[in-house]
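Trainee: Residues in the sequence shown are numbered from 184 upward in steps of one, following this note's numbering.
Each residue gets a CB set at the ideal place from its N, CA and C atoms; glycine is no exception.
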Amino acid sequence: MSQPNLPDFDSLWDYSHPDQTETKFLELLPQFPEEDPARLELLTQIARAQGLQREFNDAHLTLDQVENQLSIESSRARVRYLLERGRVFNSSKHPDEARPFFEQALTMAQELNEDFYAVDAAHMLAIIADPASSLNWNLRAIQMAESSADEKARGWLGSLYNNTGWSYHDTGEYESALEIFQKAESYFGEVRREDRLRIAKWTVARCLRSMNRIEEAFSKQMALKAEFDSIGGSDGYVDEEIGECLLLLKRESEAKPYFAKAYELLSQDEWMMANEAERMKRMKELS
């Protein structure tokens with residue numbers, strides 16, 4: 184059994200700084216006895232932090248430690264192991280190898296009534312699926328979260344609304360996408376998550392651009408830029424979208440500095456450079 188005075192390590196996650204999170208988790212590890220299932224759960228999160236840093240071999244080795252110590256029975260630790268093994272495969276561009284881990288995690292989490300992890304597994308199955316299947320998985324995950332009595336499971340709803348909106352968007356169903364993006368915006372406003380609310384506002388505006396409602400999209404992105412300015416921040420995605428709107432409004436010369444700023448900021452993102460090469464090239468050429 185876990186010692187009750189040990190910290191809730193999940194609350195220490197900072198997804199923007201996985202290196203710092205890994206350090207925190209490694210410092211906590213000696214506090215957990217070898218036989219404690221909580222230690223195995225903590226190791227799965229160390230692996231997740233390593234995967235987010237693209238240290239995929241290290242992440243798999245950490246998960247090997249977990250696998251070797253797991254009992255054969257179903258358990259939350261095994262569910263979390265399955266989830267993180269799948270995530271490492273997916274992040275390293277092996278989605279077909281990831282799928283069976285997410286499927287097993289979903290089945291086991293449902294057997295254990297671990298709604299939070301069941302929704303997590305369903306949302307990961309949506310991420311690796313083709314567009315049509317992705318929409319079905321996202322809608323299933325939303326139904327699971329909305330019907331759960333577990334407040335933590337319901338906490339998935341904002342992310343699921345966002346992901347489902349993109350599933351609609353990617354299949355050209357822009358009206359449906361806008362409706363659910365607006366649900367995400369309302370959700371994050373209600374739970375007072377300002378960082379996620381700004382992302383939701385951006386997504387609504389991005390969808391409006393796809394719907395050719397350019398003036399509205401431009402206005403919303405400029406309002407977002409003002410928000411970032413007011414807190415002394417900036418966001419490359421906002422600058423990119425302002426540039427794209429200005430191009431469509433035939434204001435090419437005004438668009439250039441926004442594309443330049445977007446490239447400056449987003450080129451620092453390793454994931455963007457690795458996965459959005461054409462998009463980054465376009466920003467650079469238009470700046």
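Rounded to whole angstroms, what's the CA-CA distance from Leu-226 to Ala-332? Just pull it up for me.
Mentor: Between Leu-226 and Ala-332, the C-alpha separation is close to 28 Å.
Trainee: Of all the options Asp-191, Asp-197 and Ser-199, which has the alpha carbon lying nearest to the alpha carbon of Leu-212?
Mentor: Measuring from the Cα of Leu-212, the nearest candidate turns out to be Asp-191.
Trainee: May I have the straight-line CA-CA distance separating Gln-233 from Glu-205, to the nearest angstrom?
Mentor: Between Gln-233 and Glu-205, the C-alpha separation is close to 7 Å.
Trainee: First and last residue of the alpha helix (DSSP H) that includes Ser-350?
Mentor: 340-353 is the extent of the alpha helix (DSSP H) around Ser-350.
Trainee: Might you give, ordered along the chain, the residues of its own chain that have their beta carbon closer than 7 Å to the beta carbon of Asp-418, omitting 5 neighbours on each side?
Mentor: Excluding sequence neighbours, Asp-418 sits near Phe-411.
Trainee: Starting from Trp-454, trace the alpha helix (DSSP H) in both directions and tell me its first and last residue.
Mentor: Its alpha helix (DSSP H) spans residues 453-458.
Trainee: Helix, strand or coil: which one does DSSP assign to Phe-215?
Mentor: Phe-215 falls in the coil class under three-state DSSP.
Trainee: Give the single residue among Gln-214, Tyr-420, Asp-353 and Ala-336 whose Cα lies nearest to the Cα of Arg-381.
Mentor: Minimum Cα distance to Arg-381 is reached at Tyr-420.
Trainee: Any idea what DSSP makes of Ser-417, helix, strand or coil?
Mentor: If DSSP states are grouped into helix, strand and coil, Ser-417 belongs with coil.
Trainee: How should Tyr-198 be labelled, buried or exposed, when 16 other C-beta atoms within 10 angstroms of its C-beta is the threshold for buried?
Mentor: Tyr-198 is exposed by the Cβ-count criterion.
Trainee: Could you check which residue in Arg-237, Ala-281 and Asp-313 has the C-alpha nearest to that of Trp-454?
Mentor: Closest option to Trp-454, Cα to Cα, is Arg-237.
Trainee: Confirm, please, whether the CB-CB distance from Ser-317 to His-352 is below 8 Å.
Mentor: No, Cβ-Cβ distance for His-352 and Ser-317 is not below 8 Å.
Trainee: Using only the alpha-carbon positions, how far apart do Ala-508 and Val-302 sit?
Mentor: This structure gives no information on residue 508, because the portion of the chain shown stretches from 184 to 470.
Trainee: Would you say the region 235-250 touches the region 264-274, given that touching needs at least three Cβ pairs under 8 Å?
Mentor: Touching, yes.
Trainee: Return the chain-ordered list of same chain residues with a C-beta closer than 6 Å to the C-beta of Glu-280, the five sequence neighbours on each side being excluded.
Mentor: Same-chain partners within the cutoff: Phe-272.
Trainee: Whole angstroms is fine: what's the gap from Arg-462's alpha carbon to Thr-386's?
Mentor: Going by the C-alpha atoms only, they are around 17 Å apart.
Trainee: Quick one, which of Asn-251, Val-374 and Ser-258 has its alpha-carbon nearest Ser-342's?
Mentor: Ranking the options by Cα distance to Ser-342, first place goes to Val-374.
Trainee: Please classify Tyr-198: does DSSP put it in a helix, a strand, or coil?
Mentor: Here Tyr-198 sits in coil by DSSP.
Trainee: Roughly how many whole angstroms lie between the Cα atoms of Tyr-300 and Asn-346?
Mentor: One C-alpha to the other measures close to 17 Å.
Trainee: Buried or exposed for Ala-409, going by 16 or more other Cβ atoms inside 10 Å?
Mentor: Burial call: exposed.
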